[in-house]
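Peer 1: Take any residue in the sequence shown, note its place counting from 1, add 42, and you have its number in my numbering.
Here it is: the structure, laid out below.
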Amino acid sequence: MPRKRSGISQTRSLLYGLARFLGDVHAVSKGPGAVAKRAARRAAGRVTARALRKLFK
């Protein structure tokens, strides 16, 4: 059974999600180049996180 998340944790997650969404909206308003850069950076971040997770497991 998963642990119950505190109210602060839920609020923090909501705010991070909202910030990510607003960043996407901002990138769309700047044009397709900004969206592509953002997508590439996100993908690179995921790959890096996976590599670090395996390294320090």
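Each residue gets a CB set at the ideal place from its N, CA and C atoms; glycine is no exception.
Distance, Cα to Cα, Val67 vs Lys46?
Peer 2: Here residue 67 is taken as the residue at index 25 of the sequence shown, counted from 1. Here residue 46 is taken as the residue at index 4 of the sequence shown, counted from 1. Roughly 31 Å separates the two Cα atoms.
Peer 1: Measuring straight from C-alpha to C-alpha, what distance separates Phe98 and Ala91?
Peer 2: On the sequence shown, residue 98 is found 56 positions in, with the first residue counted as 1. On the sequence shown, residue 91 is found 49 positions in, with the first residue counted as 1. About 11 Å.
Peer 1: DSSP three-state call for Phe98: helix, strand or coil?
Peer 2: One-based indexing of the sequence shown puts residue 98 at position 56. Here Phe98 sits in coil by DSSP.
Peer 1: Where Pro74 and Ala82 are concerned, what is the direct C-alpha to C-alpha distance, given to the nearest angstrom?
Peer 2: Locating residue 74 in the sequence shown gives position 32, where the first residue counts as 1. Locating residue 82 in the sequence shown gives position 40, where the first residue counts as 1. Straight-line Cα distance between these residues: approximately 12 Å.
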